[in-house]
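Comments concern the structure below.
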Amino acid sequence: MADNADHIDGDDNEDVRAQQNLIKIKLKSSEGGIYECGLTAAKMSDLVKNMVESLGTDAVVTTEPIILGNEAVTDAALKKIIEWVEFHWDDPPVDHDFEDEKDRRNEELSHWDKQFIDVDDQALLFDVIAAANYMDIKGLVEVGAKHICSKIRGKSCQEVREMLKITNDFTAEEEDAIHKENAWIYAKD
Amino acid sequence: MAFAVNYLPSIVVLNILRYLSPEDRLRASATCRTWRHCVFTRTHWPHKRFAVDVTDKRWTAVARHELRRNNRCNPTLDSTPALKCFLSKCCRFLEELVITFDPNSTASLRHLLDVIDILLSNDTNCNQNLSTDGSVDDNQWLRSNSRRLRRLTLNPINVTKSLEEFGSNENDAHIYQLFQQLVQRLDQLVDKCEPLEHISFGCLQPVLNHSNRFLQTLAKRHSLSLKCLHLSSVKTDPDNYPVLDLSVHLLEPFASLRVLSIDFDVLNDQMLRLMARKATIDTFVVNVHGIDEQHEGLSASSWSVLAKSNPNLKVTLNLIHTEDSIAVLRDSLLDTDMPLAHFRAYFVYTFGPSDDSICHLVNLVANRHSKTLLSVTLVNALKGTKTRHQRPNPVFAELRENPLVMLAWRSRQLQSLTIIGYEVCDSDLIAITRLRGSSLRHFSFPLCCISLLHSPIAEDEGYYDDYFDRRMTYFLDGAPQHIQTKVIEDIAQPLDRRWTPLTYEQLPNAVTNSVNSMQTTYLSTILRDQTICGESHHKINATTDTN
Numbered sequence: 013m014a015d016n017a018d019h020i021d022g023d024d025n026e027d028v029r030a031q032q033n034l035i036k037i038k039l040k041s042s043e044g045g046i047y048e049c050g051l052t053a054a055k056m057s058d059l060v061k062n063m064v065e066s067l068g069t070d071a072v073v074t075t076e077p078i079i080l081g082n083e084a085v086t087d088a089a090l091k092k093i094i095e096w097v098e099f100h101w102d103d104p105p106v107d108h109d110f111e112d113e114k115d116r117r118n119e120e121l122s123h124w125d126k127q128f129i130d131v132d133d134q135a136l137l138f139d140v141i142a143a144a145n146y147m148d149i150k151g152l153v154e155v156g157a158k159h160i161c162s163k164i165r166g167k168s169c170q171e172v173r174e175m176l177k178i179t180n181d182f183t184a185e186e187e188d189a190i191h192k193e194n195a196w197i198y199a200k201d
Numbered sequence: 002m003a004f005a006v007n008y009l010p011s012i013v014v015l016n017i018l019r020y021l022s023p024e025d026r027l028r029a030s031a032t033c034r035t036w037r038h039c040v041f042t043r044t045h046w047p048h049k050r051f052a053v054d055v056t057d058k059r060w061t062a063v064a065r066h067e068l069r070r071n072n073r074c075n076p077t078l079d080s081t082p083a084l085k086c087f088l089s090k091c092c093r094f095l096e097e098l099v100i101t102f103d104p105n106s107t108a109s110l111r112h113l114l115d116v117i118d119i120l121l122s123n124d125t126n127c128n129q130n131l132s133t134d135g136s137v138d139d140n141q142w143l144r145s146n147s148r149r150l151r152r153l154t155l156n157p158i159n160v161t162k163s164l165e166e167f168g169s170n171e172n173d174a175h176i177y178q179l180f181q182q183l184v185q186r187l188d189q190l191v192d193k194c195e196p197l198e199h200i201s202f203g204c205l206q207p208v209l210n211h212s213n214r215f216l217q218t219l220a221k222r223h224s225l226s227l228k229c230l231h232l233s234s235v236k237t238d239p240d241n242y243p244v245l246d247l248s249v250h251l252l253e254p255f256a257s258l259r260v261l262s263i264d265f266d267v268l269n270d271q272m273l274r275l276m277a278r279k280a281t282i283d284t285f286v287v288n289v290h291g292i293d294e295q296h297e298g299l300s301a302s303s304w305s306v307l308a309k310s311n312p313n314l315k316v317t318l319n320l321i322h323t324e325d326s327i328a329v330l331r332d333s334l335l336d337t338d339m340p341l342a343h344f345r346a347y348f349v350y351t352f353g354p355s356d357d358s359i360c361h362l363v364n365l366v367a368n369r370h371s372k373t374l375l376s377v378t379l380v381n382a383l384k385g386t387k388t389r390h391q392r393p394n395p396v397f398a399e400l401r402e403n404p405l406v407m408l409a410w411r412s413r414q415l416q417s418l419t420i421i422g423y424e425v426c427d428s429d430l431i432a433i434t435r436l437r438g439s440s441l442r443h444f445s446f447p448l449c450c451i452s453l454l455h456s457p458i459a460e461d462e463g464y465y466d467d468y469f470d471r472r473m474t475y476f477l478d479g480a481p482q483h484i485q486t487k488v489i490e491d492i493a494q495p496l497d498r499r500w501t502p503l504t505y506e507q508l509p510n511a512v513t514n515s516v517n518s519m520q521t522t523y524l525s526t527i528l529r530d531q532t533i534c535g536e537s538h539h540k541i542n543a544t545t546d547t548n
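As they're listed, the protein sequences go chains R and X.
Going by our numbering, the residue at position 56 of the first sequence is 68; the numbering climbs one at a time, nothing skipped.
Going by our numbering, the residue at position 127 of the second sequence is 128; the numbering climbs one at a time, nothing skipped.
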């Protein structure tokens, strides 16, 4: 265990990562539920990673739960998130900053991710995305965003509103102006 | 806990929008305020260059082209209000703005002022609204619409009179007033915006007359950031204009200056020495109009010092209607060590094989600057008024050794050659293309200026016997098709690509008829130099000349 502590600052070596994932840490949701998660998996969250690194030793990390105070981190959302990171922790690293925007848009979600994110409960879906954003898990935010995009694609503004239960907070005049502006920006010759 | 999507953090909405196509993105953004706000964010508009065209007649065409290429936008007719609205939303992440306008139209000038007003105002998307009285507070830049602007270019489609020349009629009075406002707003903008890298005043006399004022304002905040400064002008009347008194010391603070364009009128030894001390300048553009008798001239030694201290310096010389003193041109500019890369002479009227002729200038350029020369442009009007009976200037053809052939022979780096309005015989053109081959990437020469006098091809084809006496013309445009084809083929062959001479219709208006539009012949070329910033400057400069 003490040996692992020396390597705790993110080594790309697969064996070390696998070994570290055997260490279980505790995550506490905003509703109070405490859940166990492998250390390497949990560190996919930049928020958790930074906390663990600032705490320093495993001893503290493995006994005290890390509190995730954001209201989006419900018990249900946290369970989903742990399910996702436990599946993805050994993915090859992706450099999010330099990916070409077009490639990102076109890249399909994996079958597992599609199954994972396709939840009937929309409130849960949004909680998961918002919580993933709060915990700074870029990969999961991307999965959520792409899933919502696949629903939005090709739909009219009103259809999008109905599907995502968005309240239209524009006045009639504003809405008219916006539609004109859109028409202007993408008008045909 | 029921979240509605409106309450997703903006950053997540941004993420969602990012994976949508631009069309879906805009449609989705029309659902609610949060989403709409998110769509006008830097990341969704990858090209931060925005070209606004507010000229009366042509603005849609240019705007359409630029917008589609940059932002895939496509405005329909009369979208000025929409354009302004769009600009006011986009300008807070805009890095480069090019404004095309008509300086002789009051409507267009008003649009231009509106565009600058948008840049001057504060971000309406911010919650706190500042008073508009221009009071400065520490955080103001955060909310300023121009906070990311780095490059500003005025791109007029024509020239206009300097303020002194405005008459007293109503239209002139209006335009005079609008220009006064423009100068004031530009000064405000320069005073307010964040450090600029590039600024061009569009060669406009009424604006550039206030160069001293602009330089003072620029020195306050932009002295370290400014890389490109364009102060050169184009005159309405090249023989008669007020000469600006520019204070050299005002250029002193600009420590990063790389590109400078300026009029010969304000250039002096002191300024050359100042530039030599800076050693940052790599592109130097000099516009020469008429030469004032008061001009003290430049010494050859100043150029030598400058060339030594700035080894990468490239000079562009634009001679515009210059005719009064070729001697000054020779002593102050051409017969010096200036590293001349681009030589352009527009409507330089000098006739006969005297010392003062254009031939002498070309010889000087060929002899002194062959090592550095990249492009040469010579444009002159055809003589005569009757369409298709106009004749080119014969100065080059009359000499036994054509200076243009000499130029091509000596200038091994020459990439671009445009000769319009001068007679050259077919064998000399073939010599030019053979000497430079495919490295001459741009070669413009009009069909009606190719002479068949002493042409071996025409002789082989028996042209002289059959046609010459009766047709009374020895220019290629009057020759039969098979001779035209043969001559053009022979000129094109060494270039290693398809090449055709310019047709009569392709020539600039001022070459073929009225003198009124002369400025438009070269204004666009000169302004193109002023819209380009940084490294790409030389590359584009060499390949794009008068079309």
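Just so you know, even glycine gets a beta-carbon here, dropped at the ideal spot from N, CA and C.
No experiment lies behind these values; they were computed from the predicted model shown.
| Asked | Found |
| --- | --- |
| Is the beta carbon of L98 (chain X) sitting closer than 8 Å to the one on L153 (chain X)? | yes |
| Between the segment 401-421 of chain X and the segment 459-466 of chain X, do at least 3 Cβ pairs fall closer than 8 Å? | no |
| Contact between the segment 482-493 of chain X and the segment 273-291 of chain X: three or more CB pairs below 8 Å? | no |
| Exposed or buried, which one is D246 (chain X) when buried takes at least 16 other CB atoms within 10 Å? | exposed |
| Compare the Cα-Cα distances from T504 (chain X) to each of X:L453, X:Q295, X:T513 and report the closest residue. | X:T513 |
| Could you check if A184 (chain R) is buried or exposed, using at least 16 other CB atoms within 10 Å of its CB as the buried criterion? | exposed |
| With P447 (chain X) as the anchor, note down where its beta strand (DSSP E) starts and where it stops. | Per DSSP, P447 (chain X) belongs to no beta strand (DSSP E) and is neither H nor E. |
| Which class does I431 (chain X) belong to by DSSP, given the choice of helix, strand or coil? | helix |
| What's the C-alpha gap between I93 (chain R) and I100 (chain X)? | 50 Å |
| Using the C-alpha atoms, what's the distance from S122 (chain X) back to A108 (chain X)? | 21 Å |
| Going by DSSP, what residue range makes up the beta strand (DSSP E) through K40 (chain R)? | 36-40 |
| Under 8 Å between C-beta atoms, does I190 (chain R) make it to chain X? | yes |
| Short of 8 Å Cβ to Cβ, which residues in the segment 164-177 of chain R face chain X? | I164, R165, G166, K167, S168, C169, V172, R173, L176, K177 |
| Classify R390 (chain X) as helix, strand or coil using the three-state DSSP reduction. | The amino acid at residue 390 (chain X) is misidentified as Arg; the sequence shows His. Correct three-state label for H390 (chain X): coil. |
| By how many angstroms is the C-alpha of D270 (chain X) removed from the C-alpha of V249 (chain X)? | 10 Å |
| Rank R:M147, R:E187, R:G50, R:V155 by C-alpha distance to the C-alpha of L34 (chain R) and give the top, closest one. | R:G50 |
| How about V40 (chain X) and R28 (chain X): are their beta carbons less than 8 Å apart? | no |
| Please classify H112 (chain X) as buried or exposed, where buried requires at least 16 neighbouring CB atoms within 10 angstroms. | buried |
| Could you confirm whether any beta carbon from chain R is found closer than 8 Å to the beta carbon of L27 (chain X)? | yes |
| Leaving out five residues on either side along the sequence, give the residues of the same chain with a beta carbon under 8 Å from the beta carbon of P354 (chain X). | Residue placement at P354 (chain X) is poorly supported in this model, since its pLDDT is 47, which falls under 50; the coordinates are not used for a value here. |
| Assuming contact is defined by CB atoms lying nearer than 8 Å, are R148 (chain X) and R186 (chain X) in contact in what I supplied? | no |
| When you compare the CB of T32 (chain X) with every CB in chain R, is at least one pair closer than 8 Å? | yes |
| Kindly indicate if chain X contains any beta-carbon less than 8 Å away from that of K158 (chain R). | yes |
| Would DSSP call D530 (chain X) helix, strand or coil? | helix |
| Do you know offhand how far S224 (chain X)'s Cα is from A277 (chain X)'s? | 17 Å |
| In whole angstroms, what separates the C-alpha of H159 (chain R) from that of Q416 (chain X)? | 53 Å |
| Sorted by chain position, which residues of the same chain lie with C-beta nearer than 6 Å to I263 (chain X)'s C-beta, five sequence neighbours on each side aside? | L232, S233 |
| Below 8 Å on the Cβ atoms is my guess for D332 (chain X) versus R369 (chain X); work out the distance and round it to an integer in Å. | With 8 Å as the limit, D332 (chain X) and R369 (chain X) do not qualify as a contact, their Cβ atoms being about 12 Å apart. |
| Within the chosen definition, does the segment 174-191 of chain R reach the segment 116-130 of chain R through at least 3 CB pairs nearer than 8 Å? | no |
| So what does DSSP say about C229 (chain X), is it helix, strand or coil? | strand |
| If I measure Cβ to Cβ from R345 (chain X) and keep anything under 6 Å in the same chain, skipping five residues before and after, which residues do I get? | N319, T378 |
| Start and end of the beta strand (DSSP E) containing R345 (chain X)? | 341-347 |
| Alpha carbon to alpha carbon, how far is D139 (chain R) from E24 (chain X)? Give it in angstroms, no decimals. | 27 Å |
| Which one of X:I433, X:T434, X:A382 has the shortest CA to CA distance from A511 (chain X)? | X:A382 |
| Is the shortest distance between the beta-carbon of A143 (chain R) and the beta-carbons of chain X less than 8 Å? | no |
| Does the distance from the C-beta atom of M339 (chain X) to that of A367 (chain X) stay below 8 Å? | no |
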